[in-house]
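Residue numbers (this note's numbering), protein chains in the order written: chain G, 74 to 188; chain V, 363 to 474.
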């Protein structure tokens, strides 16, 4: 069956430009998470969506980062005025919900390089 | 606070057993997970264990949990070259909408 998909798979951008990263979760999964994987910081949580609302944005590193989710499905993570320290792999995960086991299934990630 | 620690590297011979260890700090964690990441790929959920269990076996994988010492291990029997990857231990933050706190990952290298 279809898993979590993310696009683009790779993105190279110049410092100061805005970027949008897209996540398409598994159909029927109401919970959606964004994580970032970087050499210095490992894997870190960014934001959580339940449906279209984001009750936990505690991991967003600065106000240059924002995310939205529409129709309880696709999510977009936007980074404004990108900096070199934003270079990382951005991973999206989805799950049936936050109750119970809540296993999260990950997409392949978007590798962002800021030059 | 929340913290998950793993050794960074493990090298084993093909056919031997691999044991990857993890320690966590939040004693109220309900579920603990093992994920596998192959080069250039996302995270693949391998297995999980509920905090009231001591052991879980799934084919070649055995998870052991020592809740008193907050120690989790993943044993891979008959390790194959296809098992070469980075293995992440993760705990759920209680009351945190199931967000995961990950260890730094253990790179498993399998050699002939």
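C-beta: ideal position from N, C-alpha, C; glycine also.
Fair warning: this is a prediction, and the values are worked out from it, not measured in the lab.
Checklist entry - residue 160 of chain G: which of G:144, G:166, G:86 sits nearest, CA to CA? => result Locating residue 160 of chain G in the first chain gives position 87, where the first residue counts as 1. Nearest C-alpha to residue 160 of chain G: G:86.
Checklist entry - Do the region 447–458 of chain V and the region 395–409 of chain V touch if we need at least three Cβ pairs shorter than 8 Å? => result yes
Checklist entry - Under 9 Å Cβ-Cβ, which residues of chain V neighbour residue 181 of chain G? => result By 1-based counting over the first chain, the position of residue 181 of chain G is 108. By Cβ distance, chain V contributes 402, 403, 404.
Item to check | Backbone secondary structure at residue 444 of chain V - three-state DSSP | outcome: Translated into positions along the second chain, residue 444 of chain V becomes position 82. Looking at residue 444 of chain V - three-state DSSP - the assignment turns out to be helix.
Checklist entry - Relative to the C-alpha of residue 81 of chain G, which residue among G:120, G:75, G:91, G:96 is closest? => result Within the first chain, numbered from 1, the residue matching residue 81 of chain G stands at position 8. The shortest Cα separation from residue 81 of chain G among G:120, G:75, G:91, G:96 belongs to G:96.
Checklist entry - Do you know offhand how far residue 137 of chain G's Cα is from residue 370 of chain V's? => result For the purposes of this step, residue 137 of chain G is taken as the residue at position 64 of the first chain. For the purposes of this step, residue 370 of chain V is taken as the residue at position 8 of the second chain. Computed Cα separation, rounded: 32 Å.
Checklist entry - Does the pairing of the region 413–420 of chain V with the region 367–381 of chain V give three or more beta-carbon distances under 8 Å? => result no
Checklist entry - Of all the residues that make up the region 440–471 of chain V, which are near chain G by a beta-carbon distance shorter than 9 Å? => result 450, 452, 454, 455, 458, 459, 460, 461, 462, 463, 464, 465, 466, 467
Next on the checklist: Using a 10 Å radius around the Cβ and a threshold of 16 neighbouring Cβ atoms, would you call residue 183 of chain G buried or exposed?
Outcome noted: By one-based count along the first chain, residue 183 of chain G stands at place 110. It counts as buried.
Item to check | Against chain G: residues of the region 406–432 of chain V by CB proximity under 7 Å | outcome: 407, 410
Next on the checklist: the ligand FAD and residue 125 of chain G: does any heavy atom of the ligand fall closer than 7 Å to the residue's C-beta?
Outcome noted: The ligand FAD is not among the ligands present in this structure, which contains no ligands whatsoever.
Checklist entry - Smallest Cα separation from residue 113 of chain G: which of V:467, V:472, V:474? => result Sequence index remark: in the first chain, residue 113 of chain G carries index 40 (1-based). The shortest Cα separation from residue 113 of chain G among V:467, V:472, V:474 belongs to V:467.
Next on the checklist: Below 8 Å, how does it come out for the region 384–394 of chain V and the region 141–160 of chain G: are there three or more Cβ pairs, yes or no?
Outcome noted: no
Checklist entry - What does residue 78 of chain G touch in chain V if you count any residue whose Cβ is under 9 Å from its own? => result The count along the first chain starts at 1 and reaches residue 78 of chain G at position 5. What residue 78 of chain G touches in chain V: nothing, since even the nearest Cβ is about 10 Å away.
Checklist entry - When the Cα atoms are used, what is the spatial distance from residue 90 of chain G to residue 154 of chain G? => result Here residue 90 of chain G refers to the residue found at position 17 of the first chain. Here residue 154 of chain G refers to the residue found at position 81 of the first chain. If you take the alpha carbons of residue 90 of chain G and residue 154 of chain G, they lie about 5 Å apart.
Checklist entry - For chain V, is any of its Cβ atoms less than 8 Å away from the one on residue 111 of chain G? => result Taking the first residue of the first chain as 1, we reach residue 111 of chain G at position 38. Taking Cβ atoms only, chain V never reaches closer than 8 Å to residue 111 of chain G, which makes this a no.
Next on the checklist: Quick check: what's the CA-CA separation for residue 131 of chain G versus residue 152 of chain G?
Outcome noted: Within the first chain, residue 131 of chain G is the residue found at index 58, counting from 1. Within the first chain, residue 152 of chain G is the residue found at index 79, counting from 1. Rounded to whole angstroms, residue 131 of chain G to residue 152 of chain G spans 16 Å at the Cα level.
Next on the checklist: Between residue 98 of chain G and residue 135 of chain G, how many whole angstroms is the CB-CB distance? I'm expecting something under 8 Å.
Outcome noted: Numbered from its first residue, the first chain carries residue 98 of chain G at position 25. Numbered from its first residue, the first chain carries residue 135 of chain G at position 62. About 25 Å separates the two Cβ atoms, so there is no contact after all.
Next on the checklist: Report the start-end ranges of each beta strand (DSSP E) in the region 374–402 of chain V that is 3 residues or longer and not cut off at the edges.
Outcome noted: 380–386, 393–399
Item to check | 8 Å Cβ shell around residue 178 of chain G - same chain, five flanking residues per side excluded | outcome: For the purposes of this step, residue 178 of chain G is taken as residue 105 along the first chain, with counting starting at 1. Only 76, 77, 99, 102, 166, 167, 168 meet the Cβ criterion.
Next on the checklist: If contacts are defined as beta-carbon pairs under 8 Å, then residue 435 of chain V and residue 413 of chain V qualify, I think. What distance do you get, rounded to the angstrom?
Outcome noted: As a working note, residue 435 of chain V is residue 73 in the second chain. As a working note, residue 413 of chain V is residue 51 in the second chain. Actually they do not touch by this definition, with Cβ atoms about 15 Å apart.
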